Amino acid sequence: MYKAIAANKRNTLLIMAVFIGLIGGIGWLVSAYMGNTSFTYWIIGGAAVYAFIQYFIASKLALAVSGAHEIEKKQNPRLYRIVENLAITLGMPTPKIYIIDDPAPNAFATGRDPKHAVVAATTGLMDVMNDRELEAVMAHEMGHVQNYDIRVSMIAFGLVSAIGLLSDLVARMLFFGGDRRDVHPIVIVVGLVVVILAPIVATIVQLAISRQREYLADASGVMTTRDADGLASALEKLQQYGKPMKRQSTTTAHLFFNNPLKSGGLSKLFSTHPPLEERIKRLRTHGQSF
Numbered sequence: 000m001y002k003a004i005a006a007n008k009r010n011t012l013l014i015m016a017v018f019i020g021l022i023g024g025i026g027w028l029v030s031a032y033m034g035n036t037s038f039t040y041w042i043i044g045g046a047a048v049y050a051f052i053q054y055f056i057a058s059k060l061a062l063a064v065s066g067a068h069e070i071e072k073k074q075n076p077r078l079y080r081i082v083e084n085l086a087i088t089l090g091m092p093t094p095k096i097y098i099i100d101d102p103a104p105n106a107f108a109t110g111r112d113p114k115h116a117v118v119a120a121t122t123g124l125m126d127v128m129n130d131r132e133l134e135a136v137m138a139h140e141m142g143h144v145q146n147y148d149i150r151v152s153m154i155a156f157g158l159v160s161a162i163g164l165l166s167d168l169v170a171r172m173l174f175f176g177g178d179r180r181d182v183h184p185i186v187i188v189v190g191l192v193v194v195i196l197a198p199i200v201a202t203i204v205q206l207a208i209s210r211q212r213e214y215l216a217d218a219s220g221v222m223t224t225r226d227a228d229g230l231a232s233a234l235e236k237l238q239q240y241g242k243p244m245k246r247q248s249t250t251t252a253h254l255f256f257n258n259p260l261k262s263g264g265l266s267k268l269f270s271t272h273p274p275l276e277e278r279i280k281r282l283r284t285h286g287q288s289f
């Protein structure tokens, strides 16, 4: 378990290097197009500033996009006490607790560290889950906080967004930039490749982060509650009652306990979450060894 957490942190550095490489490549392309090598440094610097800003405001944006609102203990003592007890068990500060008015059963965690963490649950989750299952779900979300997955998610979100913006900028320069007679054809070819592949690579890396984090948070939650069957039962209820959320956003989908988006033909390939069947199988087979 702890080896997996350490490996996750090492992989985070590798993923950051991949993102920086992509941004640097886009910066070089813009510099070659403009005939000014300084653009590379400006773009990398701008991306760094953007990621820094995202580090502090991404959680607020995620809460706003999802329509979550903060509650006090008297407003929902059931959810509040479950999260409070889990925080005491883990020796962590109690995170801020939010509720999303949505019949789709789901939950998520965000923030930059355990001292600035937020957990949220939908009204649908509390309607379909019993106390044991609700505790298992929130223990999973607290696992994201404990493992600093929430920080990784925000960094990935910021950098993926930056790559998307830069790719769009390059596309506009290549196709709507005016006179391109002095631009070497290779630069245009490379630009087309970057415009097409960079966002795809960034998204695939983000999906890989998310899927790995979900398995790790499942294991962390079970270690907290000592109840693998409780989490497996909660996931089985999602198979029965799960549905897309009313307020959907691809930018925040990776934060949720279950994929909040409408399923499609390529949903399994590009889902931010591993299949529920696989998560349940792991819990039923290996849950007692976590």
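For the sequence shown, numbering that gives the first Met the number 0 assigns the number 0 to the initial residue and increments by one for each residue that follows. Glycine is no exception: its CB is placed at the ideal position from the N, C-alpha and C atoms. Note that the coordinates shown come from a computational prediction; the quantities given were computed from them, not determined experimentally.
Own chain partners of residue i with C-beta closer than 7 Å, once the 5 adjacent residues on each side are dropped
| i | result |
| --- | --- |
| Pro-243 | Ala-103, Pro-259, Leu-260 and Lys-261 |
| Ser-219 | Gly-142, Gln-145 and Asn-146 |
| Gly-26 | Phe-38, Thr-39, Ile-42 and Ile-43 |
| Gln-238 | Leu-275 |
| Gln-287 | Ala-227 |
| Arg-180 | In this prediction, Arg-180 scores a pLDDT of 49, lower than 50, which makes its location untrustworthy; no coordinate-derived value is stated. |
Reference residue i; option with closest CA among the options
| i | options | result |
| --- | --- | --- |
| Arg-131 | Gly-26, Thr-109 and Ala-227 | Ala-227 |
| Leu-254 | Leu-21, Ala-61, Ser-30 and Val-17 | Ala-61 |
| Ile-149 | Gln-53, Ala-135, Thr-122 and Ser-30 | Gln-53 |
| Ala-108 | Arg-225, Ala-252, Ile-19 and Gly-20 | Ala-252 |
| Asp-217 | Gly-24, Phe-51 and His-285 | His-285 |
| Phe-51 | Val-151, Asn-84 and His-139 | Val-151 |
| Asp-100 | Val-82, Arg-111, Pro-94 and Met-125 | Met-125 |
| Ile-56 | Ala-47, Ile-81, Arg-80 and Gly-110 | Gly-110 |
| Arg-225 | Ala-138, Ser-30 and Ala-63 | Ala-138 |
| Asn-257 | Gly-241, Thr-250 and Lys-245 | Gly-241 |
| Thr-250 | Ala-63, Val-48, Pro-94 and Gly-24 | Ala-63 |
| Val-48 | Ile-81, Lys-72, Ile-22 and Gly-90 | Ile-22 |
| Glu-140 | Ala-155, Val-221, Lys-72 and Ile-162 | Val-221 |
Residue range of the unbroken beta strand (DSSP E) whose run includes residue i
| i | result |
| --- | --- |
| Ala-103 | Run containing Ala-103: none; DSSP gives neither H nor E here. |
| Ala-67 | 67-69 |
| Lys-95 | 95-99 |
| Ala-120 | 116-121 |
Enclosing alpha helix (DSSP H) for residue i [first to last residue]
| i | result |
| --- | --- |
| Lys-236 | 227-240 |
| Thr-249 | Element bounds for Thr-249: n/a, residue is neither H nor E. |
| Met-244 | Met-244 -> no alpha helix (DSSP H), and no H or E assigned at all. |
| Asp-112 | Segment: none, Asp-112 is in no alpha helix (DSSP H) and carries neither H nor E. |
| Gln-287 | Taken as a continuous stretch (DSSP letters only), Gln-287 belongs to no alpha helix (DSSP H), as it is neither H nor E. |
| Pro-273 | Per DSSP, Pro-273 belongs to no alpha helix (DSSP H) and is neither H nor E. |
| Thr-84 | Sequence check: residue 84 is Asn here, not Thr. Element bounds for Asn-84: 76-89. |
| Met-137 | 130-145 |
Sequence-distant residues of the same chain with beta carbon closer than 8 Å to residue i, five excluded per side
| i | result |
| --- | --- |
| Pro-92 | Ala-86, Pro-113, Lys-114 and Ala-116 |
| Lys-236 | Pro-104, Val-127, Met-128 and Glu-132 |
| Ile-81 | Asp-130, Leu-133, Glu-134 and Met-137 |
Cβ separation of residue i and residue j, assumed to be a contact under 8 Å, to the nearest whole Å
| i | j | result |
| --- | --- | --- |
| Ala-120 | Leu-78 | 6 Å |
| Thr-88 | Thr-223 | 6 Å |
| Asn-75 | Ile-98 | 6 Å |
| Ser-248 | Met-153 | In fact, because the Cβ distance is near 15 Å, the residues do not count as touching under 8 Å. |
CB contact below 8 Å: residue i versus chain D
| i | result |
| --- | --- |
| Ile-42 | Of the protein chains in the structure, only one exists, and it is not chain D. |
Chain-order list of residues whose beta-carbon lies under 6 Å from that of residue i (same chain, five-residue window excluded)
| i | result |
| --- | --- |
| Ile-19 | none |
| Pro-273 | Arg-210 and Glu-213 |
| Lys-72 | Tyr-79 |
| Counting pairs of Cβ atoms below 8 Å between the region 38-53 and the region 64-76, do you hit three or more? | With the cut-off at 8 Å, the region 38-53 and the region 64-76 do not touch.
| message | Contact between the region 216-234 and the region 276-288 is defined here as three or more beta-carbon pairs at a separation below 8 Å; is this criterion met? | response | yes
| Taking one C-beta from the region 116-129 and one from the region 211-225 each time, how about it: are there three or more such pairs within less than 8 Å? | no
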